[in-house]
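Count along the sequence shown starting at 1, add 2, and that's the number in the numbering used here.
For every residue, glycine included, the Cβ atom is placed at its ideal position computed from N, Cα and C.
Just so it is clear, the structure is predicted and the values come from calculations on it, not from any experiment.
All remarks here apply to the structure that follows.
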Amino acid sequence: MLQTQGIQHRYGSEVTLEYPDFTLEAGGQLVVTGPSGSGKTTLLHFVAGLLRPSAGTIKLDSLEITALGESQRDSYRSKNIGYVFQDFHLMEGYSALENVLLGLGLASRQNKMRALEVLSLVGLGKRTGHTPRQLSTGERQRVALARAVAHRPKILLADEPTAHLDRRRATEALELPKTTASSIGASLMVVTHDERVMDVFARRLEVGSSGLEALARAEVLA
């Protein structure tokens, strides 16, 4: 279970982002919405341990992430977090299979079998030897998703999954992380400002801004 309390992040002396307390149960799914610049991606970075907030606590089960040092957060992230970045961050000179293996850290036989398994899970079983340049935008996103879940993380984070896709492919891009997270029992947090995304999640965390102080409020939709 992921829990946050009193999270704040300050930019200089003028701007403070204040986030609502929320809980995301194991296997739960949540969309974080709000305009550009309101702190949505920053919240993902806090959960991933990439950044430490100025105030507040974040816990995964009994582990207080915000109390960890940098090397400890690296270890936490490698064991517990899968992250699909908006720009995918794939290695251009490597095949889809090799990109997933890089995420697993060791090219063992067992890891190769796992990489092939997750590539098949996201519909790329016949494209494992293709490099990112040979894949469509949607296929590159699938490689990034396969890499993110190959180590069976507890939490899957996805930043603006429809940003590079047209309307026709957006629905597919949304359903894929949802079903993939469910298949491995991971919790899912998706960041977006795309209204198409909001309608496919039952739970929503809305982040907004007012003047120099950015405020946030939680909203659970029926």
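Backbone CA spacing between residue i and residue j [nearest angstrom]
{"i": "L70", "j": "I9", "result": "15 Å"}
{"i": "G107", "j": "V33", "result": "29 Å"}
{"i": "D196", "j": "T35", "result": "8 Å"}
{"i": "V151", "j": "E100", "result": "15 Å"}
{"i": "Q7", "j": "P22", "result": "7 Å"}
{"i": "R111", "j": "G58", "result": "42 Å"}
{"i": "Q74", "j": "A28", "result": "22 Å"}
{"i": "T181", "j": "L123", "result": "10 Å"}
{"i": "Q136", "j": "F48", "result": "34 Å"}
{"i": "G11", "j": "H153", "result": "Checking the sequence shown, residue 11 turns out to be His, not Gly. Approximately 30 Å between the Cα atoms of the pair."}
Which residues DSSP lists as bridging residue i, in chain order
{"i": "V17", "result": "Y13"}
{"i": "I83", "result": "I157"}
{"i": "I60", "result": "T6"}
{"i": "M191", "result": "L32, L159"}
Coarse secondary structure for residue i, derived from DSSP in three states
{"i": "F24", "result": "strand"}
{"i": "G145", "result": "The sequence as given places Val at residue 145; Gly does not occur at that position. If DSSP states are grouped into helix, strand and coil, V145 belongs with the helices."}
{"i": "V65", "result": "Per the sequence presented here, residue 65 reads as Leu, with Val not at that position. Strand at L65."}
{"i": "R171", "result": "helix"}
Residues of its chain near residue i, where Cβ-Cβ distance is below 7 Å and the 5 sequence neighbours each way are ignored
{"i": "E141", "result": "L126, R129"}
{"i": "Q5", "result": "T25, K61"}
{"i": "A50", "result": "R79, I83, Y85, L159"}
{"i": "T43", "result": "D161, V193"}
Contacting residues, own chain, Cβ-Cβ under 6 Å from residue i (five flanking each side not counted)
{"i": "M191", "result": "L32, L159"}
Residue i classed as buried or exposed, judged by whether at least 16 other C-beta atoms fall within 10 angstroms
{"i": "L65", "result": "exposed"}
{"i": "A204", "result": "exposed"}
{"i": "G41", "result": "buried"}
{"i": "P37", "result": "exposed"}
{"i": "S189", "result": "buried"}
{"i": "G105", "result": "buried"}
Residues near residue i by beta carbon distance below 8 Å, same chain, minus five either side
{"i": "G95", "result": "T133"}
{"i": "S97", "result": "T130, G131, H132, T133"}
{"i": "E221", "result": "Confidence is the limiting factor: at E221 the pLDDT is only 41, short of 50, which leaves the residue's position unreliable and the question unanswerable from this model."}
{"i": "H91", "result": "A146"}
Any C-beta of chain C under 8 Å from that of residue i
{"i": "T6", "result": "Here chain C cannot be found, since the structure has a single protein chain."}
heavy atom of the ligand PLP below 7 Å from residue i C-beta
{"i": "Q74", "result": "Absent from the structure shown: the ligand PLP. Ligands present: none."}
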